[in-house]
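Be aware that the sequence shown starts at 6, since it is given in this note's numbering, and climbs by one per residue.
These notes are about the structure you will find just below.
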Amino acid sequence: MYDQLSLYPETNQKRITLSLDGMWGFRFDPDSVGEKENWMSGLRSSVSLPVPASFQDLFTDQYSKNYCGDFWYEKEFTVPDIPGRIFLRFGSITHRGTVYVNGKEVTSHEGGFLPVICDVTDFVRKGEENHLAVKANNELNESTLPCGAVKTLMNGTRIAAPYFDFFNYAGIQRSVWLLILPEEHIKDYSTDISLNGEDACVAYEVKTGGEHEVFVSLFDKEGNKVAEASGKKGTLKVEKANLWKVRNAYLYKIRIQIKDGDSLIDEYNDRIGIRTVAIKGHEILINGEPVYLKGYGKHEDFDIIGRGLNYPLIKRDFECMKWTNANCFRTSHYPYAEEWYRFADEEGFLIIDEVPAVGMMRSTHNFAVAGMGQYTYFFETPTVPELLKNHLAQVEEMIERDKNHPSVFSFSLFNEPETTSTYSHDYFSKVFARARELDPQHRPMTGAFEKNSAPEKCQCYMLCDFMCLNRYYGWYISGGPDIDDAILKFHDEMRRWKEKGLDVPFVFTEFGTDTLSTEHKLPSVMWAQEYQCEYMERNFEVFDTYDFIQGELVWNFADFQTTEGIFRVNGNKKGVFTRERQPKDAAFILKKRWENK
Ligand code: GCB
């Protein structure tokens with residue numbers, strides 16, 4: 006866990022943020038000789054590569070695309086000769102990285118989807134050029150998040166064997182910044198919101214590196230100050246609050262200052278939304294009003310850039326989601342770049358924010374094996390203590406990073422693990438307990454269950470505040486001409502859940518069919534567009550039968566890249582949009598249904 010410095014970078018009268026995005030030097034290190042040969046001081050022979058981007062699809066050869074092991078980045082940067090503490094902030098380094106400044110190790114970080122932040126004040130030379138090197142690594146094993154393995158080909162080449170269904174993109178995939186902050190600075194803040202009739206209370210807590218006084222104020226859209234308070238802990242009282250509503254967002258500006266008398270020491274500005282989240286019976290309530298979730302499971306995935314941050318792509322994805330009348334998405338299967346959440350805050354989208362706990366089942370084809378009732382043990386192996394340590398760390402970092410976003414209404418703590426053993430219950434009890442302790446807004450906690458987590462067998466559903474089911478009746482189960490059977494089986498499962506009398510909302514966090522945008526056929530066949538449409542309609546029949554079903558997030562928003570194999574045609578084609586973000590026929594069905602839902 007970092008020293009509470011996960012605040013999104015801002016430049017203001019007291020803070021400077023310099024982007025280090027651009028072309029960096031890059032070099033593979035298949036024999037892990039970099040440290041011995043002092044690459045931290047200079048890579049010597051390197052190629053130029055863009056940051057942010059995954060490295061895999063930038064090259065034209067198989068070796069680079071499937072490279073698995075250590076790889077290095079480097080960049081020269083100049084630090085302005087002005088007072089202040091200097092930090093480096095990587096949006097992420099996937100899946101792990103060690104940062105060196107002027108040849109010296111500064112920090113190491115495990116996990117590829119959350120920020121890496123380090124104080125480099127004592128490592129840099131102000132007013133001069135400095136050398137930054139990152140040794141990264143993209144190997145997977147059973148104690149990393151996500152889980153997987155490395156397989157060695159007969160010729161000695163090592164490649165990733167993910168236990169999950171997305172390509173193992175890696176690199177410096179998000180923006181990198183140099184931050185210059187005052188010596189005594191704001192490190193973090195959190196809020197907890199309650200409503201009282203038309204008024205709201207925003208209880209806040211600010212962490213700083215000193216003892217000078219803290220002042221907090223809140224401004225409306227027009228820039229009028231609507232509340233203020235002082236102290237590291239306090240309450241902002243907002244009369245006649247404008248609420249952040251689903252697909253109708255209102256954002257206030259929160260300004261935090263540290264002052265010494267009249268002189269300003271540090272300032273940080275952010276945008277927050279006033280809204281509450283609750284689960285009551287089988288309803289999800291935002292500001293006390295029930296909401297039905299409509300939308301998608303997504304991926305950060307696009308041609309050439311892989312999982313690299315790309316603003317136009319974010320914009321286009323939101324436009325496409327809005328066009329289908331969606332109101333929600335799940336950051337399957339890892340926390341996305343922070344820019345996604347900032348956009349969702351603005352657009353009034355709800356987010357189920359997911360930790361990269363995916364692949365916790367010993368199978369490289371979860372999607373095929375999972376539903377067959379086979380026991381895919383996982384939580385009784387010797388790797389578990391290390392896995393749990395990583396899982397808890399990433400839950401902590403995710404909540405720390407995302408806790409103030411109004412869009413984030415829930416945290417998902419796993420995707421489709423083995424959940425039928427007592428081992429899994431023990432394991433996840435710890436993860437849920439820690440998450441609940443950490444979230445200042447006490448959001449509902451959940452996780453996404455695959456079909457093997459059946460009502461009679463699942464040992465983890467009771468940990469969740471609402472249930473998220475990934476179900477493929479009509480695709481992996483009884484597809485094509487058997488779809489009538491699929492629907493009967495689906496009803497049967499829902500009846501069995503109903504009999505448990507859980508009285509919590511159920512949300513389908515996955516359902517969908519692989520569909521090639523080139524295929525059309527009447528009567529429909531699997532993989533044709535007509536089948537995707539029929540499958541949707543048939544699944545909706547089931548959803549609309551049960552009042553405890555409170556949401557439908559289609560798998561997937563867009564086609565995306567996966568590991569190659571006989572189940573995948575140049576990637577997973579369950580997108581409602583193509584990888585180029587153009588609609589398949591099913592998009593029109595969703596648009597129509599969600600207009601009135
Ligand atoms: C799942 C997984 C998701 C896969 C999907 C599929 O259950 O959660 O990662 O991509 O199925 O398409 O098989």
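No residue lacks a Cβ here, since even glycine has one placed at the ideal position from N, Cα and C.
Quiz item: Is Asp170 near ligand 1, in the sense that its beta carbon is under 7 angstroms from a heavy atom of that ligand?
Solution: On the sequence shown, residue 170 is found 165 positions in, with the first residue counted as 1. Because some heavy atom of ligand 1 lies under 7 angstroms away, the Cβ of Asp170 counts as near it: yes.
Quiz item: Under the criterion of a Cβ to heavy atom distance below 7 angstroms, does Asn575 qualify as lining ligand 1?
Solution: For the purposes of this step, residue 575 is taken as the residue at position 570 of the sequence shown. Flag unset: Cβ of Asn575 not near ligand 1.
Practice problem: For Phe354, collect the residues of the same chain with a Cβ closer than 6 angstroms to its Cβ; drop the 5 residues on either side in sequence, then sort them by chain order. | Solution: Mapped onto the sequence shown, residue 354 falls at position 349. Result list for Phe354: Ser412, in chain order.
Exercise. Kindly examine ligand 1 and report whether one of its heavy atoms sits closer than 7 angstroms to the Cβ of His525.
Key: Walking along the sequence shown from the start, residue 525 turns up at place 520. No, the beta carbon of His525 sits no closer than 7 angstroms to any heavy atom of ligand 1.
Exercise. Using only the heavy atoms of ligand 1, determine whether one of them is closer than 7 angstroms to the beta carbon of His338.
Key: As a first step, residue 338 must be located in the sequence shown, where it is residue number 333. The answer is yes for His338.
Quiz item: Taking 7 angstroms as the line, does the beta carbon of Trp560 fall inside it for any heavy atom of ligand 1?
Solution: The residue you call residue 560 lines up with position 555 of the sequence shown. Correct: Trp560 has its Cβ closer than 7 angstroms to ligand 1.
Exercise. Return the first residue and the last residue of the beta strand (DSSP E) that Leu451 is part of.
Key: Here residue 451 refers to the residue found at position 446 of the sequence shown. Contrary to the premise, residue 451 reads as Thr rather than Leu in this sequence. 450-454 is the span of the beta strand (DSSP E), which, as asked, contains Thr451.
Exercise. Determine which residues share a DSSP beta bridge with Trp532 and list them.
Key: On the sequence shown, position 527 is the one that residue 532 refers to. Answer is Thr520.
Exercise. To the nearest angstrom, report how far apart Leu25 and Ser429 are at their CA atoms.
Key: As a first step, residue 25 must be located in the sequence shown, where it is residue number 20. As a first step, residue 429 must be located in the sequence shown, where it is residue number 424. C-alpha separation (whole angstroms): 42 angstroms.
Quiz prompt | Supposed contact pair Pro187 and Asp271 - C-beta distance, whole angstroms, cut 8 angstroms | solution = To locate residue 271, count along the sequence shown from 1; it is residue 266. To locate residue 187, count along the sequence shown from 1; it is residue 182. That belief holds up - the Cβ atoms of Asp271 and Pro187 are roughly 5 angstroms apart, short of 8 angstroms.
Quiz item: Thinking just about the alpha-carbon of each residue, which of Arg406, Asn253, Asp490, Lys258 is nearest to the one in Lys230?
Solution: Residue 230 sits at position 225 when you count from the first residue of the sequence shown. Minimum Cα distance to Lys230 is reached at Lys258.
Quiz item: Is His525 buried or exposed, if buried means 16 or more other CB atoms sit within 10 Å of its CB?
Solution: Translated into the one-based positions of the sequence shown, residue 525 becomes position 520. Exposed is the call here.
Quiz item: For Tyr273 versus Ile191, is the C-beta spacing smaller than 8 angstroms?
Solution: In the sequence shown, the residue the question calls residue 273 occupies position 268. In the sequence shown, the residue the question calls residue 191 occupies position 186. Yes, these two residues count as a Cβ contact at 8 angstroms.
Practice problem: Report the rounded CA-to-CA distance for Leu314 versus Arg179, giving the unit in angstroms. | Solution: The residue given as residue 314 occupies position 309 in the sequence shown. The residue given as residue 179 occupies position 174 in the sequence shown. For Leu314 and Arg179, the distance between alpha carbons rounds to 5 angstroms.
Self-check item: Local conformation of Val104 per DSSP, three classes
Solution: In the sequence shown, the residue the question calls residue 104 occupies position 99. Val104 falls in the strand class under three-state DSSP.
Self-check item: Start and end residues, beta strand (DSSP E) containing Glu1
Solution: Outside the displayed range of the chain (6 to 602) lies residue 1, so it cannot be described from this structure.
Practice problem: Report yes or no: is there a C-beta of chain B within less than 8 angstroms of the C-beta of His410? | Solution: Within the model displayed, chain B is absent; a lone protein chain is all it includes.
Quiz item: Cβ atoms of Pro445 and Thr196: under 8 angstroms apart, would you say?
Solution: Sequence index remark: in the sequence shown, residue 196 carries index 191 (1-based). Sequence index remark: in the sequence shown, residue 445 carries index 440 (1-based). Their beta carbons are under 8 angstroms apart, which means Thr196 touches Pro445 by this criterion.
Quiz item: With which residues is Gly358 paired in a DSSP beta bridge?
Solution: As a first step, residue 358 is located in the sequence shown; it is residue number 353 there, counting from the start. Note that residue 358 is Asp in the sequence shown, not Gly. Phe416.
Practice problem: Output yes or no for whether 8 angstroms exceeds the beta carbon distance between Thr83 and Glu133. | Solution: Mapped onto the sequence shown, residue 83 falls at position 78. Mapped onto the sequence shown, residue 133 falls at position 128. Contact flag set, yes.
Quiz item: Can you give the Cα-Cα distance for Pro361 and Glu402, rounded to whole angstroms?
Solution: If you number the sequence shown from 1, residue 361 lands on position 356. If you number the sequence shown from 1, residue 402 lands on position 397. Each residue's alpha carbon lies about 12 angstroms from the other.
Exercise. Note down the Cα distance separating Tyr7 from Phe220, rounded to an integer number of angstroms.
Key: On the sequence shown, position 2 is the one that residue 7 refers to. On the sequence shown, position 215 is the one that residue 220 refers to. Residue confidence for Tyr7 is low, a pLDDT of 46 falling below 50, so the modelled location carries little weight; the figure read from the coordinates is stated next. Rounded to the nearest angstrom, the two C-alpha atoms are 24 angstroms apart.
Practice problem: Could you have a look at Thr427 and say whether DSSP puts it in helix, strand or coil? | Solution: For the purposes of this step, residue 427 is identified with residue 422 of the sequence shown, where counting begins at 1. Three-state DSSP puts Thr427 in a helix.
Practice problem: Pair every Cβ in the segment 197-211 with every Cβ in the segment 112-122, then say whether three or more of these pairs are closer than 8 angstroms. | Solution: no
Practice problem: With DSSP collapsed to three states, give me the class of Asn601. | Solution: Looking up residue 601 in the sequence shown gives position 596. Coil, per DSSP.
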